[in-house]
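J.:
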Amino acid sequence: MAENIARVFADAIAPDPTRPLLTWYDDASGERTELSGATLANWVAKTANLLVDGAAVGPDDTAGVLLPPHWQTAAVLLGCWSAGLTVAEVPGPVDVLFAALDRVTETDAWPADERYALALDPFALPLREVPAGFADYVVEVRGHGDHFSSHGLGGGADAELLGRARARATEFGLVEGDRVLIDAARHPEPVDWLLAPLTVGASVVLCGNLDPARVADRVAAEKVTRTVA
6 MAENIARVFA
16 DAIAPDPTRP
26 LLTWYDDASG
36 ERTELSGATL
46 ANWVAKTANL
56 LVDGAAVGPD
66 DTAGVLLPPH
76 WQTAAVLLGC
86 WSAGLTVAEV
96 PGPVDVLFAA
106 LDRVTETDAW
116 PADERYALAL
126 DPFALPLREV
136 PAGFADYVVE
146 VRGHGDHFSS
156 HGLGGGADAE
166 LLGRARARAT
176 EFGLVEGDRV
186 LIDAARHPEP
196 VDWLLAPLTV
206 GASVVLCGNL
216 DPARVADRVA
226 AEKVTRTVA
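Taking the numbering used here, the leading residue of the sequence shown gets 6, the next gets one more, and so forth.
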């Protein structure tokens, strides 16, 4: 059976769902958000249910994800893959679209019937003003269930992505149990900052607008074992 990203994610959090799995820093705003495996899994399940029950999409459908590295982006991507969607890598028509507020103007190149906007607020607060033609992701997702079964969804796209991710994990020298600090600006691709660590059971300290002067203290405070900067 083809490899399944949802299963890799489940396996990564199974040993201890309470441990920090993804810690997000934004050195421009001072934000720090920490998600355990269980908390991220909750967001992922809600996103997958939003897609299936709210947007009526699923296997063989496509998603556009115009989002930067961020903890909410992880929830969106893993939710898409859990629901069996293919995340498009080039502009074009898609079945559902997720876009950060600052990229809404780019969405003409990504026509979609279902469109969600994200403010990427530190506290996942609703949008102050929802762009025309969009729904607010954090408002819509909260009303959906906390559990989702992928039923073995996934296929060639999953296997190809996971193959690339394992290759990157090897390049980065990642091993099971690592706590890896990643510079989001230098490694913006989800294969690097999300999937590569998951494939080996590593946890992530993902840093946006990384201030080099803070790296040493952050490595110590977060008990980082590997830096990918």
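Think of the CB as a built atom: it goes at the ideal place given N, C-alpha and C, for glycine as much as any other residue.
Decide if the stretch 26-36 is in contact with the stretch 48-58; the criterion is three or more beta carbon pairs, one per stretch, under 8 Å apart.
T.: no
J.: From the DSSP output, in three-state form, read off Leu37 for me.
T.: As a first step, residue 37 must be located in the sequence shown, where it is residue number 32. This sequence places Arg at residue 37; Leu is not what is there. Arg37: strand per DSSP, three-state reduction.
J.: Where does Thr110 land, buried or exposed, given buried means 16+ other C-beta within 10 angstroms?
T.: The count along the sequence shown starts at 1 and reaches residue 110 at position 105. Exposed, because fewer than 16 other Cβ atoms sit within 10 Å of the Cβ of Thr110.
J.: Determine the DSSP secondary structure at Ser155, reduced to helix, strand or coil.
T.: The count along the sequence shown starts at 1 and reaches residue 155 at position 150. Ser155: coil per DSSP, three-state reduction.
J.: Taking all protein chains shown into account, do 16 or more other C-beta atoms lie within 10 angstroms of the C-beta of His152, making it buried, or fewer, making it exposed?
T.: On the sequence shown, residue 152 is found 147 positions in, with the first residue counted as 1. When all chains shown are included, His152 counts as exposed.
J.: For the stretch 180-194 against the stretch 205-212, do three or more pairs of beta-carbon atoms, one drawn from each stretch, fall closer than 8 Å, so that the two count as touching?
T.: yes
J.: Just curious, the alpha helix (DSSP H) that Thr44 is in, first and last residue?
T.: The residue labelled residue 44 in the question sits at position 39 within the sequence shown. Note, Thr44: alpha helix (DSSP H), 42-54.
J.: Mapping DSSP to helix, strand and coil, what is Leu200?
T.: Taking the sequence shown and counting its residues from 1, one reaches residue 200 at position 195. Reduced to three states, the DSSP call for Leu200 is helix.
J.: So, with DSSP's three-state summary, where would you put Pro98?
T.: In the sequence shown, residue 98 corresponds to position 93, counting from 1. Three-state result, Pro98: coil.
J.: Which of the three DSSP states is assigned to Asn214 in this structure?
T.: Mapped onto the sequence shown, residue 214 falls at position 209. Residue state, collapsed to three classes: coil.
J.: Name the one or two DSSP bridge partners that Arg67 has.
T.: If you number the sequence shown from 1, residue 67 lands on position 62. The sequence shown places Thr at residue 67, rather than the Arg named in the question. Paired residues: Thr91.
J.: What residues match up with Thr232 in a beta bridge as DSSP calls it?
T.: Position 227 of the sequence shown holds residue 232. Answer is Leu186, bridged to Thr232.
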